[in-house]
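S.K.:
There are 4 protein chains.
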Amino acid sequence: MSFSYGKNIKISIFGQSHSPAMGVVFEGLPAGEKIDIEKLQQLLDRRAPGKNSYSTTRKEADIPEFVSGLVDGATCGAPLCAVIQNTDTKSGDYAKIADIPRPGHADFPAFIKFGGSNDIRGGGQFSGRLTAPLCIAGAICKQLLEKQGITIGTHIYSIHGVKDTPFDPVQVDGETLVAVSQKQLPVFDDSKGKKMLEEIQKAQSNKDSVGGIIEFAAIGLPVGIGTHMFEGIENRISSAIFGIPAVKGIEFGAGFDAAELYGSQNNDSFYYTDNGEIKTRTNNSGGVLGGMTTGMPLIFRVAIKPTPSIAAEQNSISLTQKQNAKLVIVGRHDPCIVPRAVPCIEAAAAIAIYDCLVDYIN
Amino acid sequence: MSFSYGKNIKISIFGQSHSPAMGVVFEGLPAGEKIDIEKLQQLLDRRAPGKNSYSTTRKEADIPEFVSGLVDGATCGAPLCAVIQNTDTKSGDYAKIADIPRPGHADFPAFIKFGGSNDIRGGGQFSGRLTAPLCIAGAICKQLLEKQGITIGTHIYSIHGVKDTPFDPVQVDGETLVAVSQKQLPVFDDSKGKKMLEEIQKAQSNKDSVGGIIEFAAIGLPVGIGTHMFEGIENRISSAIFGIPAVKGIEFGAGFDAAELYGSQNNDSFYYTDNGEIKTRTNNSGGVLGGMTTGMPLIFRVAIKPTPSIAAEQNSISLTQKQNAKLVIVGRHDPCIVPRAVPCIEAAAAIAIYDCLVDYIN
Amino acid sequence: MSFSYGKNIKISIFGQSHSPAMGVVFEGLPAGEKIDIEKLQQLLDRRAPGKNSYSTTRKEADIPEFVSGLVDGATCGAPLCAVIQNTDTKSGDYAKIADIPRPGHADFPAFIKFGGSNDIRGGGQFSGRLTAPLCIAGAICKQLLEKQGITIGTHIYSIHGVKDTPFDPVQVDGETLVAVSQKQLPVFDDSKGKKMLEEIQKAQSNKDSVGGIIEFAAIGLPVGIGTHMFEGIENRISSAIFGIPAVKGIEFGAGFDAAELYGSQNNDSFYYTDNGEIKTRTNNSGGVLGGMTTGMPLIFRVAIKPTPSIAAEQNSISLTQKQNAKLVIVGRHDPCIVPRAVPCIEAAAAIAIYDCLVDYIN
Amino acid sequence: MSFSYGKNIKISIFGQSHSPAMGVVFEGLPAGEKIDIEKLQQLLDRRAPGKNSYSTTRKEADIPEFVSGLVDGATCGAPLCAVIQNTDTKSGDYAKIADIPRPGHADFPAFIKFGGSNDIRGGGQFSGRLTAPLCIAGAICKQLLEKQGITIGTHIYSIHGVKDTPFDPVQVDGETLVAVSQKQLPVFDDSKGKKMLEEIQKAQSNKDSVGGIIEFAAIGLPVGIGTHMFEGIENRISSAIFGIPAVKGIEFGAGFDAAELYGSQNNDSFYYTDNGEIKTRTNNSGGVLGGMTTGMPLIFRVAIKPTPSIAAEQNSISLTQKQNAKLVIVGRHDPCIVPRAVPCIEAAAAIAIYDCLVDYIN
C-alpha cells in the first residue's frame, strides 16, 4: 500500500483531494543543488486547473511551501518536503459518491478495499489532484536532469483521434522540446490544436468527455542507463507513469506498431556519424535496448482515457440499497484531462529517468 | 542494477545465456504449499526451444533442480532456489558480437555500460534464456493463484497483423483460459493460427522475422487488489512485463483505443446481477480502476517486437575499427518469438498479481 | 540517503532542527483505525523539552497537525502525514558550528559529506528534534500493537552507573509496563531515581553531561514474528533504534552477559504451564530465537552516550583556519538525554515490531 | 520473510542445512572486477568446520561453484550466484527435533511460525551453515573494500570472560588487522588464546559450551559514509550482523561503557595532525558520528552466546505429547562457536560497509 517510488531517490506522496494539505517528501537529493523555484512553479502551473475553457473551474493556487530540505534555496542533504494547502474544496458536491460509485472512477474498488473507511471527498487519495505533488518532485528531477545535459519534453500526440505531428524519433532536439512545452496547448501543429479544442468543446456540450495520447521525449541521455530484467528503464518509467490516474497504456519507440513490422524494418542500424559518434539510422527502439538507453532520443507514448466524470446521466448502483441506480455527477470536471496530464507525464518520467541516472552516475 | 522483483515476495534471477547455470531465488513463499512440479514443467515446456519449425533448434532440457526451499515437494518457509544447467551452448557462434553490435539487441549499450567486461556469449544476461527461471517463479505463483480461485490465461492476439479472436473482456471464463493455454499454438481461431504460421515461415524464408501481440486475462480476482499511485496493479504488472526481452508496449482494457472513445462509451456501468453480484456491463477498464482490481476480468495486451536476430545481412559498426561494418548473424534464432513469449508473459503477470494479492490477504 | 524505515509500513521522516517544519509520512496503515490523538500526544509530551530541570529550556509545543490520512480521526487508507512547526528556533546560537565542529556531534562528517551545504542550524537533520516525528509514528504503532494485545514499556535502566531495578524477564506484565511509563522519571526504584537526578545535576553544575541505559519490554507478542537472517526481529529493531541520536549499543536478553555464561546456564528450558501454555523457565534469549519471537517477553537494552553538547570548553578545530581551536558551546542543552530518549526508544521499537507483526498477520 | 540484504547491492541467501545445496545471489556488483577466488576461499576456510578440536567434526568441503556473474574470473555486470553443495549431511541425527524443541534454538518458534512444515533437518534455514554463503558475499565485498583502500579485520575480544588485548581504537593499522586475521586462533595475546582454548575444552568435557565477544575494526574509510536516521552506518551494520545466529548484542566504540562516562570524557576532540589531517584524540565514538563515518577506525563488538547445542541432558517439552520432556542432543556441535563466527562477523560487516560505500561513491 505504498505511494512511494524510487530506488536511489525516494518520492513519497501524501494527501487526499480534500485533506487539509497534500505534498511530497523527496529523499536522496544531492546536497548543494540550487532549485529554481520559479521554473518549478511553471511546471506546476501547466497542470493547474481553472486556466482554460477546457479545464475545471476549481481554482487552487497550488503554490508549494518547502518546509524542509532547502537552505537558501539549495538542497542541504536532508529530505525535502513540499506542502500544498487544499483550499478550494467543496466537499458537499461529493456526498452521493459514498452510495453510488461513479463509473470509471476508483470509488467502487476503494469502497470494498477499505471497507468504507476511505476518504470519499473528491476521490480521496485517488484524485488527480495528487499529481500536483508529483509535479513538484518531477520539476526538481527535470532540473537535475538539465544539469546533466538531459532535456525532456512532452506534447499532445492526439486528442480523440486528432493527431499532432509526432516527434521525429531520430532528429528531435532540445530546442524543439523546450519550445513545445511552453505553449499553452502543447502541440506542434496549431491547426490540429484548434481541432483538438473543437473536439473537447463538442464533447463538453454533449455532457461528455474525450481522451488522447501524450508523447514524451528525452535527449542527451548517456548510453547504458537502466538495465535488463526488472530494473530496465522501460520498467521503471512505466511503473511511475501508471501512477497517474487515467493512464491505460504505454509504448516505447514503435511500440504496438513494431508488432506489425519485419525484423529487417524494426531493427535500428548502427552507424558512425561524421563526428565519430555512434547513432542509429532509425529509432524504432525508442532509445532503449535491453532495458538500457542507447543514446538515441528516449521516446514513449501514453494513452489517457476520457475523463470518467461526465455531466450526462449514467447507470450505476446504490451500495446501500443494493440495487441499480442512476447517477448524475455535478461539480467541476475537465471534459478532457489530456492537456493537464502533459506536465504530469513529464514529471513522472523525469523522476524515473533521474532515478535510473543515479545508478549510472554511480 | 537489480534483477529482483517484488514487494511481498522477492524474485531474484541469476545467470547468463552461457554461464554454467541460471536460476531463480524466490523469497516470501508461504510455508506448507505443495508445488506441482509436473505442472510447473508444463509451463516451462511451453517456452522451451526446439519444439517447432518456428523456433530455434537449440535444444535445452530446461529441467530445474530445486536446491532449496522444498521438503517433500512442499515449501518449507525457506527461500526456494531452482537451478537450470546451461548445457547446449555454442559460444563460438557469438565471437563477432564483441566487435560488431547486433541491431535491435542489447550488445551496444551493454558494451558501453559495462566497459566491455559483460558476458557477450549468447547475449549474456540480456538473453531471452533468462525467461526460463522467470517461468519457474511464474509457474509457482500461478499455482498459488489457483489455490485462491484465480485463473490466468494467455493467447496470441496477433502475429504480424494476423489477429486471433480477442478475449471477451466481460464473459471470459476459466475453462476458456485453461483450454487455450494448452494448445500448441495458443489461439482461439485455428485458421488464423495457420495464417500466423504462414507469416512466420514467409519471414523465415526471407531471412527475416516477425512480431506480434499477446493478450492476457485473469479471472476470479477479489475486488481491491493493488492501490493507487506507484503500487497500482498496472504499475506492478508493467514493471514485471517489461522485464521480458522484446516487449515494447503494454495496454490495459481498451488501452490505446480508449484514447479515441468518449467518456460515455469508455465508462463501464455498474449493475447488480441476478445473484446480487456487482459487475460492469462493459470492461474497457480491463478490470482496473484507480490501480485496484474491480472484480471483472483483468485484461492486458503486450506488444512483442520482431526477433532482432535475423539471417539477412545488416548494417552495423565495428567498435574496434571505429567504422561502419556489415553483419551477418549466424546461429540458431526464432523467426518469431511470440509463441514462446506467451508463457513468459503469463509467468511475469502471475508473479506481479500474486505479489499484489499478498498485500490484499494481508 | 534515506530517512525511511519499514518493509510493510513505510515511515519517512523529514525536517531539520530549524527548518520551517518537520514531520512524518506513514504509509501502509490499515484503514478504519481510530487514532487516539490525546494518547499520542502523551507519548510526544514525554520527549518534549522544557519540562524538567534536567532538560533544555527550549520550549516547543510539538503539537502535530495531521494534514492527511485521517478522516474523522480514523485512518482512511491514504498515507498519513503529520507536521510539527518549528517555532522556538534561535539560529544565532549556532553560527560558530559552521567553522568549529562540536566534538561528539555530526557536524564534522556532515560538513565533509555535504561539502558544506548541509543545514548547520541546530544540527540540521542530525538534531535530536527529529525524534519528535519518530514519536508520532511510534505512538500510532503502539496503539496498533495494543489493539493486537501487545503491551510495550520502557524504563531507565541506569544513568551514569546508577541502576534501577531491571525488568523481570520472565514475569514482567502489562500493568507494570504501563505504570512505569507514566512516571515523570520512568524508574521502578524512586530512591535510585533520586540518585540519578543527583548525578545529572552534578554533571550539569560541572558543565558536563551523563549518559545511561534504557530497557525496553514487550509482552503479548505471538510466537514466530520475524525471521532468520536479515529480517529477524533483532535486525529490524536494531536498525530502527540506531536511528535515534546518541545510541551506541543494543543487546537482547542477557546480551553481552551471555558471552560469559555456559550454554547450560544461558539456554532457556521450555516447559508446559498448568494452563498448557509453552514458556521458558528463564529468558536469557530476550524473547527471540532464530530472529523470531518466542512468546516470552521481548527485552532489549540500549546504551545512550552522554550528551555531546557540554558547557565546558572543549578542544576542536577551525575548518576555515585549518588549525586547532577552542570551542565553548552556548545555547540550551540537556545535561542528560536519557529521560527524553525513553519514549523515543519506545517509539522506534513500536515501529519495528509493528512492521514485523504485519508480516505475521500476513 | 526475507533473506535479502542491501540497498545498493542485494545479497540473497538460499538453502537449508540439509537441502541439496545452499548459496548466494549477489546483485549490484560493479562490472570488470577480478575476484581473487583463492583469497575468497581463505575466508571461507576460516569458518569451515572440522579443523580444530573445538569445532564440530562435520566435514564439508565448502568450495563454492560460481554458476553465474563471472567471466574469466571477473564480474560481468550480471548477478553473481555461488552454490555450495551440502554433502556431509546426517539427517538421522535430528529426527527428535520435530517433537522436542532444543532450548536456545529456533526449533520452537519455527515450528509455530511455519505450522510444522519447516525443514527441521539440521536446523533448516536457521542453521549456522547458512553463514557459508554469507561469507562468500562478504569475502567479495572485502576485496572490493580493499580496492578502495579500506582494510578490515576481526579478532576474538573474549571467550567466557578471558579477554584478549583490544584493538587500539585510535592507532590500529592495516598490518595489524591483516596479521591477526591470519592466525588460526585470531587473538593478539597468545597466552590468552591458550586460556580461551582451555575454557572451551573444559566446557566440552563438561558437556557444556561457552560464548564470547568478537571485535571488528575497519580503517581507511572516507569521512561521511552512511547517514542519519535509519540509514546510518550503525543501523546498516547491526541489521546485517544480527543475521548471524547466536549474536545477542552489538556496540560501537565505547558502547555500553559510554553510558558511564561523562560527556567531557566520551567526546572525542578533533585536532589537526602534522600532516594537516583531521583526527580525534580518542575514539569513543567508534568512528561514527550522526550515523556517518568520521575517518577514524570504525570499531564495534558483538556478543556471541554459548552454543545452544550441548551434550548434557536438558529440560524441554514434547510437542506431540504436550508434556514436559528430557532432551539429549546427539550429533556434532562446536563447544564454542566464537572462533568460527569471526570470519562471519567480518563478512557481514564487509557487506554492510560496502553497501554504504556505494552510496558515498555515488
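Residue numbers (the numbering used here), protein chains in the order written: chain H, 7 to 368; chain D, 7 to 368; chain A, 7 to 368; chain L, 7 to 368. Heads up, the beta-carbon is just placed ideally off N, CA and C, and yes, glycines get one too. Quantities reported herein were computed from a predicted structural model and do not represent experimental measurements.
Counting only Cβ pairs nearer than 9 angstroms, list the residues of chain H close to tyrosine 268 of chain D.
M.R.: Under the 9 angstroms cutoff, chain H gives His166, Ala209, Asn212, Asp214, Ser215, Val216, Gly217, Pro312, Ile316.
S.K.: Taking a contact to mean a Cβ-Cβ separation below 8 angstroms, would you say methionine 235 of chain L touches isoleucine 118 of chain A in this structure?
M.R.: The answer is no: Cβ separation not under 8 angstroms.
S.K.: Under the three-state reduction of DSSP, which class applies to alanine 265 of chain D: helix, strand or coil?
M.R.: Helix.
S.K.: What are the residues in the stretch 14 to 35 of chain L lying within 7 angstroms of chain A by C-beta distance?
M.R.: Listed by position along the chain: Ile19.
S.K.: I'd like to check one pair, glycine 121 of chain A with alanine 37 of chain H: are the Cβ atoms closer than 8 angstroms?
M.R.: Against a cut-off of 8 angstroms, the Cβ pair of glycine 121 of chain A and alanine 37 of chain H comes out as a contact.
S.K.: How many whole angstroms separate the CB atoms of histidine 161 of chain L and proline 192 of chain L, which I take to be in contact at a CB cut-off of 8 angstroms?
M.R.: At roughly 5 angstroms, the Cβ-Cβ gap stays under 8 angstroms, so histidine 161 of chain L and proline 192 of chain L are in contact.
S.K.: So, is the C-beta of methionine 7 of chain A closer than 8 angstroms to a C-beta in chain L?
M.R.: Confidence in methionine 7 of chain A is poor, its pLDDT being 43 and thus under 50, which makes the residue's placement unreliable; the coordinate value appears in the next sentence. Taking Cβ atoms only, chain L reaches closer than 8 angstroms to methionine 7 of chain A, which makes this a yes.
S.K.: Mind checking if isoleucine 43 of chain L is an interface residue toward chain A, Cβ cutoff 8 angstroms exclusive?
M.R.: Closer than 8 angstroms: no.
S.K.: Jot down the residue ranges of each uninterrupted beta strand (DSSP E) in the stretch 204 to 248 of chain A, minimum 3 residues, whole runs only, in chain order.
M.R.: If we require 3 residues or more, the beta strand (DSSP E) runs fully inside the stretch 204 to 248 of chain A come out as 218 to 225.
S.K.: Please identify the residue among A/Thr313, A/Ile17, A/Ala54 whose C-alpha is closest to the C-alpha of glutamine 190 of chain A.
M.R.: The option with the nearest alpha carbon to glutamine 190 of chain A is A/Ala54.
S.K.: Could you compute how far the alpha carbon of valine 216 of chain L sits from the alpha carbon of alanine 317 of chain A?
M.R.: Their Cα atoms are separated by approximately 45 angstroms.
S.K.: In terms of DSSP beta bridges, what is cysteine 87 of chain H paired with?
M.R.: DSSP, once it has assigned bridges, lists H/Val31, H/Ser74 as partnering cysteine 87 of chain H.
S.K.: Any Cβ of chain D within less than 8 angstroms of the Cβ of proline 85 of chain L?
M.R.: True, the Cβ-Cβ gap to chain D drops below 8 angstroms.
S.K.: For methionine 7 of chain H, collect the residues of the same chain with a Cβ closer than 8 angstroms to its Cβ; drop the 5 residues on either side in sequence, then sort them by chain order.
M.R.: Its pLDDT being 43, under 50, methionine 7 of chain H is placed unreliably by the model, and the measurement read from it follows with that caveat. Around methionine 7 of chain H: no qualifying Cβ.
S.K.: Assign arginine 127 of chain H to buried or exposed, taking buried as 16 or more other Cβ atoms, counted over all protein chains shown, within 10 Å of its Cβ.
M.R.: Under this definition arginine 127 of chain H is a buried residue.
S.K.: Note down the Cα distance separating lysine 198 of chain L from glycine 83 of chain A, rounded to an integer number of angstroms.
M.R.: Rounded to whole angstroms, lysine 198 of chain L to glycine 83 of chain A spans 59 angstroms at the Cα level.
S.K.: Flag threonine 299 of chain H as yes if its beta-carbon sits less than 8 angstroms from any beta-carbon of chain D, otherwise no.
M.R.: So, interface residue.
S.K.: Give a yes or no on whether 8 angstroms exceeds the smallest Cβ distance from proline 109 of chain D to chain H.
M.R.: Closer than 8 angstroms: yes.
S.K.: Please report how far the alpha carbon of alanine 354 of chain A lies from the alpha carbon of glycine 144 of chain A, in whole angstroms.
M.R.: So the alpha carbons of these two residues sit roughly 6 angstroms apart.
S.K.: For serine 322 of chain H, which of helix, strand or coil comes out of DSSP?
M.R.: Correct three-state label for serine 322 of chain H: strand.
S.K.: For a cutoff of 8 angstroms on Cβ pairs, would you count glycine 155 of chain D as touching chain B?
M.R.: Considering every chain present, this structure includes no chain B. Its protein chains are H, D, A and L.
S.K.: Using beta-carbon positions only, say whether alanine 358 of chain L and isoleucine 256 of chain L come within less than 8 angstroms of one another.
M.R.: No, Cβ-Cβ distance for alanine 358 of chain L and isoleucine 256 of chain L is not below 8 angstroms.
S.K.: Among the candidates A/Val308, A/Tyr163, A/Glu152, A/Pro109, whose CA atom is the shortest distance from the CA of leucine 333 of chain A?
M.R.: Minimum Cα distance to leucine 333 of chain A is reached at A/Pro109.
S.K.: Rank D/Val77, D/Ser10, D/Thr233, D/Val336 by C-alpha distance to the C-alpha of cysteine 362 of chain D and give the top, closest one.
M.R.: It is D/Thr233.
S.K.: Roughly how many angstroms separate the alpha carbons of glycine 261 of chain L and valine 336 of chain A, rounded to a whole number?
M.R.: Distance between the alpha carbons of glycine 261 of chain L and valine 336 of chain A: 27 angstroms.
S.K.: CA-CA distance, leucine 49 of chain H and proline 349 of chain H?
M.R.: The alpha-carbon atoms of leucine 49 of chain H and proline 349 of chain H are separated by roughly 6 angstroms.
S.K.: Tell me whether the stretch 337 to 345 of chain L and the stretch 263 to 279 of chain L touch, counting them as touching only if at least three CB pairs, one residue from each stretch, are closer than 8 angstroms.
M.R.: They do not touch, by the three-pair rule.
S.K.: Residue ranges of each beta strand (DSSP E) run of no fewer than 3 residues wholly in the stretch 136 to 202 of chain A, ordered along the chain?
M.R.: Listed in chain order, the complete beta strand (DSSP E) runs (minimum 3 residues) inside the stretch 136 to 202 of chain A are 157 to 165.
S.K.: Spell out whether any CB of chain L is found under 8 angstroms from the CB atom of glutamine 131 of chain D.
M.R.: Yes, its Cβ sits closer than 8 angstroms to a Cβ of chain L.
S.K.: Kindly identify the DSSP beta-bridge partner or partners of valine 253 of chain D.
M.R.: Answer is D/Ile310, bridged to valine 253 of chain D.
S.K.: Under 7 angstroms Cβ to Cβ from serine 324 of chain L, same chain only, skipping five residues before and after it: list those, please.
M.R.: If we look at serine 324 of chain L and ignore the five residues flanking it on each side, its Cβ neighbours are Asp105, Ile106, Ala331.
S.K.: Does the Cβ of serine 211 of chain D have 16 or more other Cβ atoms within 10 Å, making it buried, or fewer, making it exposed?
M.R.: Label assigned to serine 211 of chain D: exposed.
S.K.: Report the three-state DSSP secondary structure of phenylalanine 20 of chain H (helix, strand or coil).
M.R.: Residue state, collapsed to three classes: strand.
S.K.: Output yes if chain A places a C-beta closer than 8 angstroms to the C-beta of aspartate 125 of chain H; else output no.
M.R.: Aspartate 125 of chain H counts as touching chain A.
S.K.: Quick check on the burial criterion: 16 or more other C-beta atoms within 10 angstroms. Buried or exposed for lysine 148 of chain H?
M.R.: Answer is buried; the Cβ neighbour count reaches 16.
S.K.: The ligand NAD heavy atoms versus the CB of arginine 346 of chain H: any closer than 7 angstroms?
M.R.: Annotation note on the ligand NAD: not contained in the displayed structure, which lists no ligands.
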